[in-house]
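Protein sequences appear in the order of chains A and B. Per the numbering used here, the very first residue in the first sequence carries number 1; after that it's consecutive. Per the numbering used here, the very first residue in the second sequence carries number 1001; after that it's consecutive.
Number of protein chains: 2
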Amino acid sequence: MPRTITAFSNPLIKRVRSLREKKGRRLERLFLAEGLRILTEAREMGRVPNWVFYAPEGATHPLVDALIAAVEGAGGEAIQTDRDILSKLSGKDNPQAVLGVFDEPATDLDRIDRGSADLWIVAQALRDPGNIGTILRTGDAVGAGGLILIDDCADPFSVEAVRASMGAIFTQKLATARWPDFLTWLRAGPGHLVATALDGAVDYQSPTYPTPCFLMVGNESQGLPADYAAAADLRVKIPMLGKADSLNAAVATAVAAYEIRNQWRRG
Amino acid sequence: MPRTITAFSNPLIKRVRSLREKKGRRLERLFLAEGLRILTEAREMGRVPNWVFYAPEGATHPLVDALIAAVEGAGGEAIQTDRDILSKLSGKDNPQAVLGVFDEPATDLDRIDRGSADLWIVAQALRDPGNIGTILRTGDAVGAGGLILIDDCADPFSVEAVRASMGAIFTQKLATARWPDFLTWLRAGPGHLVATALDGAVDYQSPTYPTPCFLMVGNESQGLPADYAAAADLRVKIPMLGKADSLNAAVATAVAAYEIRNQWRRG
């Protein structure tokens, strides 16, 4: 049976509230995801939250019932609360009707089964959690297997990244690694590393992309370090026809990833 | 000669500070842009701020000198200040070395000379200023003439949008219009309206795109209204190979715009 919590001072509320900050997430190894659609997608992927919070006005939706049943069936807890508490937990004035608290998965490189997809995205030192979430969302759309984060990136389990991923945090594999470890891992099996770059790069439409392909993008303001690009099998550039010399990192990733996918779609 | 302001209580500081809010911008018809690179790009486009603020540690850079000279030559004012004031004006703990205050340009549809470019971007009811800025940046990169904002969109002159545009707020034409007025204007001259849509749409790689092309994207969560899509000459969809049914709005715009440009690049 769901229990009801409506006190801000409740220790569980305080604990869940702490997950909006990186410190709280690192301590608890838990993260937040909001919205019935995204939580339903997670459930369909077999990812059930440890706790689900919902406001009574949302409790009559059959998908909320299904979510509650799944959480309780997995030994988790469904908690009825109110919109004020949901606002406090989500940090939004106009919160979603449901909010789930999930175990943070491990992000070791050995989680990546490179044979399970023909395309993987690699992102280096991304600072903007919104970009990380948007790249996860794009990865799902373009049929990538997942995202490998190199060096110090923003936290993919932050509220901003999870929100921007629109559920792809549950459908894309996620790994984090230092550059030397990634390169060692990559070279221990099949894989063509494609760097988006400006110097010494060919037009991104000219090469034939082999599979599995690892598409790598760099930091928002610096791009990829020169030695990272040099270690790739191929350096490609997207034509820039105006005054600017670069695209937003998530946009560049999407434009290059769709080019690769389109080439393969044509056979 | 530059004057020096270091008091938070200075009326000009208060006035410029008000431009971080939409109310202040509407009252003053002014907006903020930060960063030496972007302000230099604006200067090279003939767009000189009414005021430029800079910290003394940045004052020895030749591009700062050039900016100050341009501002003073145009009858504006260069103001030396300190990092605390720059932080207050920009809303960032780590502010850029220079900050400019610019006149907001008019955004009437008649600012758009459709013959001056082969590609134009049209965005409807976008809520996220970051998406608007990112679309401006993409428009510059892909050689679009500018951005036409339909219905109620976030403010393209907000600090977030200007920042995300990375200078493209100065290089792309910008217009705002209600849908019926846009459609009347569009149909009064040459122009092929392409809607990104899901229903009744063809794969975005299959059509031949005529010029001038107006690429239209819809609201982040709702997409385009059905009657807007129906009024277009062509409805295209980007293939979605995963669980998600849509891309981020700025990402979808970029993927479609590069497809159009690539088709034309091939001749």
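For glycine and all other residues, C-beta sits at the position ideal for the given N, C-alpha and C. A quick note: this is a predicted structure, and the numbers were derived from the prediction, not measured.
The beta carbon of residue 1100 of chain B sits closer than 6 Å to those of 1033, 1039, 1049, 1052, all from its chain and outside the five residues before and after it, given in chain order.
Secondary structure at residue 40 of chain A: helix, using DSSP grouped into helix, strand and coil. Listed along the chain, the chain A residues whose CB falls inside 7 Å of the CB of residue 1140 of chain B are 242, 243, 244.
Linking residue 168 of chain A to residue 216 of chain A through their CA atoms gives a straight-line distance of about 19 Å. Within 8 Å of the CB of residue 1167 of chain B, the CB atoms of chain A belong to 243, 244, in sequence order along the chain. For residue 236 of chain A, the enclosing beta strand (DSSP E) has its first and last residue at 234 to 237.
At a cut-off of 4 residues, the continuous stretches assigned as alpha helix (DSSP H) that sit fully inside the region 209 to 255 of chain A are 226 to 231.
Neighbours of residue 34 of chain A in chain B, taken as residues whose beta carbon is under 8 Å from its own, are absent, since the nearest beta carbon is some 14 Å off. Excluding the 5 residues flanking it on each side, residue 148 of chain A has same chain C-beta neighbours closer than 6 Å at 122, 175, in chain order. For the pair residue 1243 of chain B and residue 1196 of chain B, the CB atoms are not nearer than the 8 Å cut-off. Considering only A:88, A:19, A:191, A:133, the residue with the shortest C-alpha distance to residue 164 of chain A is A:133.
When secondary structure is reduced to three states using DSSP, residue 1016 of chain B falls in the helix class. Given a length threshold of 3 residues, each whole run of the beta strand (DSSP E) inside the region 42 to 81 of chain A is given here in chain order: 51 to 54, 77 to 80. By the rule that beta-carbons nearer than 8 Å mark a contact, residue 209 of chain A does not touch chain B. Interface annotation, residue 134 of chain A: in contact with chain B, CB-CB separation under 8 Å. When DSSP states are grouped into helix, strand and coil, residue 1034 of chain B belongs to the strand group. With respect to the C-alpha of residue 1130 of chain B, the residue from B:1139, B:1162, B:1146, B:1115 having the closest C-alpha is B:1162.
Along the region 75 to 101 of chain A, there is no position whose C-beta sits under 7 Å from a C-beta of chain B. Cα atoms of residue 253 of chain A and residue 1226 of chain B: separation of roughly 29 Å, rounded to the nearest angstrom. If you check each beta-carbon in the region 166 to 199 of chain A against every beta-carbon of chain B, the ones closer than 7 Å belong to 166, 167, 168, 171. At a cut-off of 8 Å between beta carbons, residue 143 of chain A contacts chain B. Rounded to the nearest whole angstrom, the CA to CA distance from residue 1235 of chain B to residue 117 of chain A is 30 Å. Where residue 195 of chain A is concerned, the enclosing beta strand (DSSP E) starts and stops at 192 to 196. For a Cβ distance threshold of 7 Å, residue set 134, 138, 250, 251, 254 of chain A lies close to residue 1251 of chain B, ordered along the chain. Judged by their CB atoms, residue 1158 of chain B and residue 1023 of chain B are not nearer to each other than the 8 Å cut-off.
When B:1220, B:1186, B:1239, B:1191 are compared, the shortest CA-CA separation from residue 1202 of chain B is found for B:1239. By alpha-carbon distance to residue 200 of chain A, the top candidate from A:82, A:19, A:231 is A:231. In the three-state scheme derived from DSSP, where H, G and I count as helix and E and B as strand, residue 1263 of chain B is classed as helix.
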